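Residue numbers (the UniProt record's numbering): 1 to 267. Every residue, glycine too, gets a C-beta built ideally from N, C-alpha and C. Values in this document were obtained by computation on a predicted structure and should not be read as measured data. Below you'll find the structure, written out as structure tokens, and then a few comments.
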């Protein structure tokens, strides 16, 4: 992987693929750049894609003291590598991070978000002590329990679903990156849609959700789009918290290339 040095000296590892206008892909909880392995080939014929390992994951470095501002600087460093303002696509808690970066003035030409982790009225928030409980679990190096707690208490997955995830091929990655869950909790904050701040953000923004996602994620996506003066909500085929990859690729390529929303799926 290529490397870029963030403002605080942390090395951020990234990959560059394709040709065309730049798009930076930003992942959410647990994952590193490989979460986009199936998406990059869909985008590369149309865009120059930049995928990177967020700090503390994969081949990127880290620092003992975490701050959301440092992750914003990491994203800005990758955007600089892309040659200046770039489209940014971010999902899950990564969408929350992209929003914070955009509101902080990061050079984002267009913003595409997939199901940010907000809670709107009618949907309960995570427990007030979720960050403290997670910190205790990690201090005791109880990584599996930390992952299970995050999935259940923060994401609202049922014990049966968590048990199924535990049998999956990416569970070892979940445990390996469990220490970064505290970063995502810090990014999400109180989980309220920052409607007042979003009202002043005029950059074109596309907010996506899948047809098979949770009600709270669908509601959060639509509330985020509604709070943006230049926001658009779009529902695409998919399962829980996941959009069918070919559709997502065509949509993001069309968005990056400036196609009208009705033409996104025909790129």
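With the cut-off set at 8 Å, would you say residue i and residue j are in Cβ contact?
i           : j           : result
residue 123 : residue 216 : yes
residue 251 : residue 110 : no
residue 238 : residue 210 : yes
residue 227 : residue 195 : yes
residue 245 : residue 102 : no
residue 113 : residue 40  : no
residue 57  : residue 70  : no
residue 106 : residue 81  : no
residue 46  : residue 83  : no
residue 151 : residue 165 : yes
residue 86  : residue 169 : no
residue 98  : residue 90  : yes
residue 116 : residue 219 : no
Note down the Cα distance separating residue i from residue j, rounded to an integer number of angstroms.
i           : j           : result
residue 62  : residue 232 : 35 Å
residue 269 : residue 28  : No answer is possible for residue 269: it lies beyond the span of the chain, which begins at 1 and ends at 267.
residue 96  : residue 234 : 18 Å
residue 279 : residue 255 : Beyond the ends of the chain as shown, which are 1 and 267, falls residue 279; an answer cannot be given.
residue 129 : residue 190 : 11 Å
residue 258 : residue 157 : 37 Å
I need the DSSP call for residue i, collapsed to helix, strand or coil.
i           : result
residue 86  : strand
residue 41  : helix
residue 24  : strand
residue 100 : helix
residue 109 : strand
residue 91  : strand
residue 267 : Note that residue 267 has pLDDT 42, beneath the 50 cutoff, so the model's placement of it is unreliable and the number below is only indicative. Coil at residue 267, not helix or strand.
residue 125 : coil
residue 230 : coil
residue 148 : helix
residue 153 : helix
residue 199 : coil
residue 247 : helix
residue 242 : strand
residue 70  : helix
residue 180 : helix
residue 15  : strand
residue 175 : helix
residue 167 : coil
Alpha carbons only, please: which of the options is nearest the one belonging to residue i?
i           : options               : result
residue 5   : 64, 47 and 73         : 73
residue 9   : 37, 60, 1 and 33      : 60
residue 253 : 24, 31, 170 and 166   : 24
residue 66  : 181, 152 and 229      : 181
residue 93  : 16, 105 and 119       : 119
residue 174 : 188, 144 and 130      : 144
residue 64  : 241, 15 and 179       : 179
residue 192 : 15, 100 and 141       : 100
residue 7   : 52, 199, 126 and 78   : 78
residue 11  : 18, 51 and 2          : 2
residue 177 : 108, 229, 148 and 205 : 148
residue 51  : 68, 115 and 17        : 17
Task: Inter-stretch contact (C-beta, 8 Å, three-pair minimum) for the segment 159–166 and the segment 133–142 - done: no
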